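Chemist:
Residue numbers (this note's numbering): 3 to 111.
(1) Should residue 63 and residue 24 be called a contact, given that it needs their Cβ atoms to be closer than 8 Å?
(2) Going straight from the alpha carbon of residue 75 to that of residue 68, what length do you get?
(3) Among 37, 17, 15, 61, whose alpha-carbon lies nearest the alpha-carbon of residue 27?
(4) Could you work out which residue in 70, 43, 30 is closest to residue 18 when comparing CA atoms only?
(5) Which class does residue 38 belong to by DSSP, given the choice of helix, strand or coil?
(6) Between residue 30 and residue 52, is the Cβ-Cβ spacing less than 8 Å?
(7) Quick test of your reading: residue 34 and residue 21, contact by CB under 8 Å. State the CB separation rounded to the nearest angstrom.
Structure (structure tokens):
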């Protein structure tokens with residue numbers, strides 16, 4: 003596996019992880035709201051700690067999301083620049099990929 007495809011796989015994993023973390027944070031917030039009516043000093047202190055942890059997790063998640071978005075923009079820009087600088091190479095690569103996909107589809111029939 004090439005370094006580039008490993009990086010892409012890592013980016014996809016990061017995006018999936020961020021989506022999953024967002025869902026966990028949302029579920030935890032809903033749980034906090036649902037248990038807000040629970041009385042007691044310990045319950046209140048626990049809710050406050052959980053809320054602080056959730057706020058911190060949200061901030062880190064937002065920062066990670068921004069980083070992934072910026073890396074994706076940089077990758078798109080680098081790809082665009084490469085294609086602009088080497089249009090025939092890009093056409094050749096696209097043609098090769100098309101031939102390979104065509105062969106694989108034809109082979110499966």
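Yeah, the Cβ is synthetic: ideal placement off N, Cα and C, and Gly gets one too.
Since the model is a prediction, treat every value here as computed from it, not as a measurement.
Modeler: So, from the listed chains and residues:
(1) yes
(2) 11 Å
(3) 61
(4) 70
(5) coil
(6) yes
(7) About 21 Å separates the two Cβ atoms, so there is no contact after all.
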